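Residue numbers (UniProt numbering): 1 to 118.
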């Protein structure tokens with residue numbers, strides 16, 4: 001069954017726009033786990049923390065925390081710096097906190113079923 005109205009042609013995305021969408025998807029994938037979201041919020045609160053500090057705050061193993069940090073860093077959400085034996089992490093920028101807070105606020109909105117959307 002097809003529609004009886006005309007459809008607009010979709011905009012063709014440039015390579016740059018496609019790459020930006022891909023980076024955005026990678027960021028959402030990296031944030032799609034509760035403990036990684038907690039890491040981002042802790043880094044927002046404390047500005048900068050090393051792996052062992054984060055591990056202790058999370059009650060997690062250092063290796064597990066380190067893997068979570070790697071995923072967040074690889075997605076472009078974190079910056080890091082080395083100071084002797086310690087690697088310190090911080091948020092790349094404040095946009096990350098806005099994304100998390102918006103998602104958190106949205107999660108408190110009443111659920112609307114598919115039938116009610118029409």
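Don't be surprised by glycine CBs; every beta carbon is placed ideally from N, CA and C.
These numbers come from a predicted model, not from an experiment.
Contact check for residue 27 against residue 77 passes: the beta carbons are separated by less than 8 Å.
By the neighbour-count definition (other C-beta atoms within 10 Å, threshold 16), residue 24 is an exposed residue.
In this chain, the alpha helix (DSSP H) harbouring residue 70 covers 62–74. Excluding its 5 nearest sequence neighbours in each direction, residue 59 has no C-beta neighbour in its own chain below 8 Å. Between the region 34–47 and the region 5–23, the count of C-beta pairs closer than 8 Å stays below three; the two stretches do not touch. The Cβ-Cβ distance between residue 69 and residue 88 does not fall below 8 Å. DSSP places residue 54 within a helical segment (H, G or I) once states are collapsed to three. In the DSSP assignment, residue 89 forms a beta bridge with 49, 80. The three-state secondary structure of residue 19, taken from DSSP, is helix.
The shortest CA-to-CA distance from residue 39 to any of 57, 94, 22 is the one to 57.
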